[in-house]
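Sequential numbering from 0 applies to the sequence shown in numbering that gives the first Met the number 0.
Don't be surprised by glycine CBs; every beta carbon is placed ideally from N, CA and C.
Single-structure report; data block below.
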Amino acid sequence: MNRNDELFERAQRTIPAGVNSPVRAFRSVGGTPRFLARGEGPYVWDADGRRYIDYVGSWGPAIVGHAHPEVVRAVQDAARHGLSFGAPTEIEIEMAETLVRRLPSLELVRLVSSGTEATMSALRLARGHTGRPKIVKFEGCYHGHGDSLLVKAGSGALTFGQPSSAGVPPGIANLTIVLPYNDVAAVEAAFRADGDAIACVIVEPIAGNMNMVVPDDGYLAALRAICDRHGAVLIFDEVMTGFRVHPRGVQGLVGVTPDLTTLGKVIGGGMPVGAFGGRREIMAKIAPLGPVYQAGTLSGNPVAVAAGLATLALTEAPGFYERLAAKARALVDGLEAAAKRAGVPFRANAVGGMFGLYFADRVPSTCDAVMACDKERFNRFFHAMLDAGVYLAPSAYEAGFVSAAHGDADIAETVRLAERAFVAAAR
Ligand SMILES: Cc1ncc(COP(=O)(O)O)c(C=O)c1O
Numbered sequence: 000m001n002r003n004d005e006l007f008e009r010a011q012r013t014i015p016a017g018v019n020s021p022v023r024a025f026r027s028v029g030g031t032p033r034f035l036a037r038g039e040g041p042y043v044w045d046a047d048g049r050r051y052i053d054y055v056g057s058w059g060p061a062i063v064g065h066a067h068p069e070v071v072r073a074v075q076d077a078a079r080h081g082l083s084f085g086a087p088t089e090i091e092i093e094m095a096e097t098l099v100r101r102l103p104s105l106e107l108v109r110l111v112s113s114g115t116e117a118t119m120s121a122l123r124l125a126r127g128h129t130g131r132p133k134i135v136k137f138e139g140c141y142h143g144h145g146d147s148l149l150v151k152a153g154s155g156a157l158t159f160g161q162p163s164s165a166g167v168p169p170g171i172a173n174l175t176i177v178l179p180y181n182d183v184a185a186v187e188a189a190f191r192a193d194g195d196a197i198a199c200v201i202v203e204p205i206a207g208n209m210n211m212v213v214p215d216d217g218y219l220a221a222l223r224a225i226c227d228r229h230g231a232v233l234i235f236d237e238v239m240t241g242f243r244v245h246p247r248g249v250q251g252l253v254g255v256t257p258d259l260t261t262l263g264k265v266i267g268g269g270m271p272v273g274a275f276g277g278r279r280e281i282m283a284k285i286a287p288l289g290p291v292y293q294a295g296t297l298s299g300n301p302v303a304v305a306a307g308l309a310t311l312a313l314t315e316a317p318g319f320y321e322r323l324a325a326k327a328r329a330l331v332d333g334l335e336a337a338a339k340r341a342g343v344p345f346r347a348n349a350v351g352g353m354f355g356l357y358f359a360d361r362v363p364s365t366c367d368a369v370m371a372c373d374k375e376r377f378n379r380f381f382h383a384m385l386d387a388g389v390y391l392a393p394s395a396y397e398a399g400f401v402s403a404a405h406g407d408a409d410i411a412e413t414v415r416l417a418e419r420a421f422v423a424a425a426r
C-alpha cells in the first residue's frame, strides 16, 4: 500500500469521507485522492513524492503559484508580530484601500474569513437594506454553503447530484428563486411575478462552479437594468473571478457595476480571507453603523491579510494579466488541437487565468448544456492526466486555474501528456 492509500484509510476513521470539503474525496472521478505534502510554483507533490503540474491552485487562490517567496515572507513577518488580536490593525486598512482602489464599485468593504461568509453576509445585507425576503440565484452557480444558496447549487453540490442540500428548511429554500443562467426573459418574468418581494440577484458573473460558463453578451447589463427597475440589489459573486480574470474582476472586463461584490480566494493568496463591499449607502447598514449584524473573531486576521496583500501586489506587475491570459489561452488551444488529433469531441475556453474543459462539440452556455457533456470521458481523461503527472480538478463541473508560475514548458508538457490522455478518454 502506498502512502496516499494509507493516509486515505486513516483519514476516513476520523473525518467524514476522509476530507474536509466534498470534491476533494474524488467520489465523482473515482480512485484515491492525492494527499498533498508540498507545493512550489506551478507544482504540487503528493505524500508518495510524486510531482504534478497543478491546475487546481487551491481552487483559485494560488494565482502567483505555490509558496511564492514574497508571500511566504509576508506571512512570516506578520506572524512574528502576533497571530490575531480581535482588534483593528493597520494592515486591514491597507487591504481595504487596495480593494477599493482596484474595484471602483467598492466604496466600503468589510473583511471576513471565507467566500461563504462573504456571500451569506451580502445576502443578509441586501435583505436588510431592501426589507424584502426573496433572492434570485442561477442554476449551477455556487456561492458557498449558506442555507439560502444551497438550492440548485454548483460545485460539489452539482458533482454529487445533490444541488439542493438536505437540512435546508423549506421555509428558507422557498425564498430562493432559481433561474437558468444566461436567460434574461426568465429574470424578467420572475420580477414581473414577484418583484416587490425580491431583495437581490446574486450571480457568478463568469460561472466557475458548473465547469466554466461565460455570460452571453449583454446578459450582465440586462441583470443590472432589471435590478434598477425594481429596486433590487445586484450582487456579483467574484469570489472566484475577482483578480483572477482581469485586474478589476468581471465588472472591469464587461463594464457593468454591481451594487455589492463578494470576494475570496485570490485576496487571501491561500490564506482565509473573504470580503464583501459596494455602495456606501448599502454598506452603511452594516453593524455598528446600521442594523444588519455581521461579525467575526478572525475577520481581517493580520497574517491572512498579509498573504493576500502580498499576492495582490504581485498581480500589479505590468502585464501580469496579459501574461496570465496568454498562458491559459495557450493551454486551451493546445488541448483542443490535441483532442482533434485524437478524434475526440472536445472544446476548451479560457478567460484571464481561468479555464473550462468540455467533452462536447460546443462550449456550453447553460447548466443543462454542461450536464450534457460526456462525464465518463472526462473521468478517463482526468485519471490518465493524473497518472501522467497533471493535477486537474477531480470533477467535470469545476473550472481550472493557471498561475503566473506556470512556464511555457509546463503548458507544452501538459499538452504533450494530454495527447495520450485523450486517446485513453476516447476508449
Ligand atoms: C463563486 C464562489 N462563491 C463562493 C464560494 C465559497 O467560498 P469559500 O469556499 O471560501 O467559502 C466559492 C467557492 O468555491 C465560489 O467559487
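Going along the chain, which residues of its own chain have a beta-carbon closer than 6 Å to the beta-carbon of residue i, five neighbours each way excluded?
i    : result
V70  : G268, A306, A309 and T310
P246 : Y320
Y396 : L157, T158, M209 and N210
S164 : L149
T129 : A198
L6   : F34 and A46
G56  : F400 and S402
Assign residue i to one of two classes, buried (16 or more other C-beta atoms within 10 Å of its C-beta) or exposed (fewer than that).
i    : result
Y54  : buried
G399 : buried
H80  : exposed
L288 : exposed
M0   : exposed
R279 : exposed
L82  : exposed
K339 : exposed
P169 : exposed
E138 : buried
Q250 : buried
E237 : buried
I92  : exposed
F463 : Nothing can be reported for residue 463: it is not among the residues displayed for the chain, which extend from 0 to 426.
A452 : The question about residue 452 has no answer here: the residues shown for the chain are numbered 0 through 426.
D258 : buried
P87  : exposed
P103 : exposed
I14  : exposed
Report all residues from its chain with a CB closer than 7 Å to the CB of residue i; omit the five preceding and five following residues, and keep chain order.
i    : result
P60  : K264, V265, G267, G268 and G269
F25  : T31, P32 and P393
L219 : P204, V253 and V255
L323 : G351, G352, V401 and A403
A78  : V302
T296 : G85
E39  : H65 and A66
Looking at the unbroken beta strand (DSSP E) that takes in residue i, where does it start and where does it end?
i    : result
C427 : Here the chain has residues from 0 to 426 only, and residue 427 is not among them.
Y51  : R50 to D53
I134 : K133 to F137
D45  : Y42 to D45
I176 : T175 to L178
V108 : L107 to V111
G38  : L35 to E39
With hydrogens ignored, establish whether the beta-carbon of residue i is closer than 6 Å to any heavy atom of ligand 2.
i   : result
V74 : You won't find ligand 2 in this model; what it holds is ligand 1.
For the alpha helix (DSSP H) containing residue i, list its first residue and its last residue.
i    : result
A121 : G114 to T129
G170 : P169 to A172
R191 : V183 to D193
E8   : R2 to T13
R100 : E89 to R101
E418 : D407 to A425
G307 : P301 to L313
E69  : P68 to R79
Near residue i, which residues of its chain fall below 8 Å by C-beta distance, leaving aside the five closest residues on each side in sequence?
i    : result
D193 : K133 and I176
I52  : P41, Y42, G388, V389, Y390, H405, D409, E412 and T413
G29  : N378 and H382
K284 : L124, G127, H128, P290 and V291
N348 : M211, V213, V331, F354, G355, Y357 and V362
Quick one: does residue i have its CB under 7 Å from some CB of chain C?
i    : result
G155 : Of the protein chains in this structure there is only one, and it is not chain C.
Exercise. Please list the segments of the beta strand (DSSP E) lying wholly inside the segment 327–378, counting only runs of 3 or more residues, in order along the chain.
Key: 346–350 and 353–357
Quiz item: In chain order, which continuous runs of the beta strand (DSSP E) of length 3 or greater are located wholly inside the segment 211–294?
Solution: 232–236, 259–262 and 273–277
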